[in-house]
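K.L.:
Residue numbers (mature numbering (1 follows the signal peptide of the UniProt record, and there is no 0)): -30 to -1, 1 to 173.
1) So, does the stretch 10 to 28 touch the stretch 164 to 171, judging by three or more C-beta pairs under 8 angstroms?
2) Classify residue 94 as helix, strand or coil using the three-state DSSP reduction.
3) Measuring alpha carbon to alpha carbon, tell me which of 95, 101, 98, 63 ends up nearest residue 83.
4) For residue 153, which residues in the same chain have their Cβ closer than 6 angstroms to its Cβ, ignoring the five residues on either side in sequence?
5) So for residue 147, helix, strand or coil by DSSP?
6) Can you list, in chain order, the residues of its chain whose CB lies under 6 angstroms from that of residue 40, leaving out five sequence neighbours each side?
7) With a cut-off of 8 angstroms on the beta carbons, I'd call residue 18 and residue 46 a contact; round off their distance for me.
8) Can you give me the C-alpha to C-alpha distance between residue 58 and residue 147, rounded to a whole angstrom?
9) Under 8 angstroms Cβ to Cβ from residue 119, same chain only, skipping five residues before and after it: list those, please.
10) Taking C-alpha atoms, which residue in 171, 151, 122 lies nearest to residue 68?
11) Indicate the three-state DSSP secondary structure (helix, strand or coil) for residue 24 in the structure shown.
12) Which residues bound the alpha helix (DSSP H) around residue 174?
13) Measure the C-alpha to C-alpha separation of residue 6 and residue 161 and round it to an integer number of angstroms.
14) Does the separation of the CB atoms of residue 50 and residue 92 fall below 7 angstroms?
15) Cutting at 8 angstroms between CB atoms, please list the residues of its own chain near residue 77, excluding the five before and the five after it.
16) Reducing DSSP to helix, strand and coil, say where residue 167 ends up.
17) By the three-class DSSP mapping on this structure, what secondary structure does residue 66 have?
18) How long is the line joining the alpha carbons of residue 94 and residue 4, rounded to whole angstroms?
19) Whose CA, out of 85, 32, 66, 52, lies closest to the CA of residue 97?
20) Given this structure, state the Cα-to-Cα distance separating residue 136 from residue 121, to the nearest angstrom.
21) Under a Cβ-count criterion, where at least 16 other Cβ atoms within 10 Å of its own Cβ denotes burial, should residue 172 be classed as buried or exposed?
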């Protein structure tokens, strides 16, 4: 390498080094910024969940979706409802599986069938509540839509408690009782939280 080309090579290498350092700093800055935003979003969710009856259940359900929710109350309520609906689908599937168990007593079969029916109704009501929530933004009758929204979700909550009430005074195996109560009581908490979150909507 000639002595005249050495400065050019040095300048080229130094420029590449500067570029790498700048890129690295931008990456670190972007990561720090994203972390700060995520912290803000989670703080928003925690504050909203503190208005519910079961704040820990609320935060556990919604915090993984912080990047999607950001600080948007509509998205918060929509995702909370969607999460609750998915949990209801799962509960319905678990109850259907119980109905296939062998050795069930007549009272156990009746309770499982009744819970399957009320859970199915809750699914229908929560699906309609999602539609009512979607209609809120562009509606000229927001008060009516809000009333429909709360009515559908309240009906779902009633159906969920109707299922657990079936156990009163009945002889039911621990396996059946534990599975149904665990699933349905969790649903009731999620549904109750949705009703509380609706009060944050600016309509």
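Glycine included, every Cβ here is placed at the ideal spot set by N, Cα and C. No experiment lies behind these values; they were computed from the predicted model shown.
P.N.:
With the structure as the only source:
1) A contact exists between the stretch 10 to 28 and the stretch 164 to 171.
2) Numbered from 1 along the chain shown, position 124 holds the residue referred to as residue 94. DSSP places residue 94 in helix when its eight states are reduced to three.
3) Here residue 83 refers to the residue found at position 113 of the chain shown. Residue 83 has its Cα closest to that of 63, out of 95, 101, 98, 63.
4) Translated into the one-based positions of the chain shown, residue 153 becomes position 183. Correct list, in chain order: 61, 64.
5) Taking the first residue of the chain shown as position 1, residue 147 is located at position 177. Residue 147 falls in the helix class under three-state DSSP.
6) Counting from one through the chain shown, the residue named residue 40 turns up at place 70. Beyond the five residues adjoining it in sequence on each side, residue 40 comes within less than 6 angstroms, by CB distance, of 11 in the same chain, given in chain order.
7) Walking along the chain shown from the start, residue 18 turns up at place 48. Walking along the chain shown from the start, residue 46 turns up at place 76. That pair is a contact at about 6 angstroms.
8) Here residue 58 refers to the residue found at position 88 of the chain shown. Here residue 147 refers to the residue found at position 177 of the chain shown. Linking residue 58 to residue 147 through their CA atoms gives a straight-line distance of about 17 angstroms.
9) Locating residue 119 in the chain shown gives position 149, counting from the first residue. Same-chain partners within the cutoff: 99, 102, 103, 106, 168.
10) In the chain shown, residue 68 corresponds to position 98, counting from 1. Check the Cα spacing between residue 68 and each of 171, 151, 122: the tightest is with 151.
11) Within the chain shown, numbered from 1, the residue matching residue 24 stands at position 54. Coil, per DSSP.
12) Look at the range of the chain in this structure, -30 to 173, and you will see that residue 174 is not part of it.
13) Position 36 of the chain shown holds residue 6. Position 191 of the chain shown holds residue 161. Those two C-alpha atoms are separated by around 30 angstroms.
14) What you label residue 50 is simply residue 80 of the chain shown in a count that begins at 1. What you label residue 92 is simply residue 122 of the chain shown in a count that begins at 1. It is not a contact, given that the beta carbons lie outside the stated cut-off.
15) In the chain shown, counting from the first residue as 1, residue 77 sits at position 107. Hits under 8 angstroms: 140, 141, 142.
16) Against the chain shown, residue 167 aligns to sequence position 197. Three-state DSSP puts residue 167 in a helix.
17) Locating residue 66 in the chain shown gives position 96, where the first residue counts as 1. Judged by DSSP in its simplified three-state form, residue 66 adopts helix.
18) If you number the chain shown from 1, residue 94 lands on position 124. If you number the chain shown from 1, residue 4 lands on position 34. About 38 angstroms.
19) Here residue 97 refers to the residue found at position 127 of the chain shown. For residue 97, the nearest C-alpha among the options comes from 52.
20) By 1-based counting over the chain shown, the position of residue 136 is 166. By 1-based counting over the chain shown, the position of residue 121 is 151. Taking the straight line from one Cα to the other gives about 23 angstroms.
21) Your numbering for residue 172 matches position 202 in the chain shown. Taking all protein chains in view, the Cβ of residue 172 is surrounded by fewer than 16 other Cβ atoms within 10 Å, so the residue is classified as exposed.
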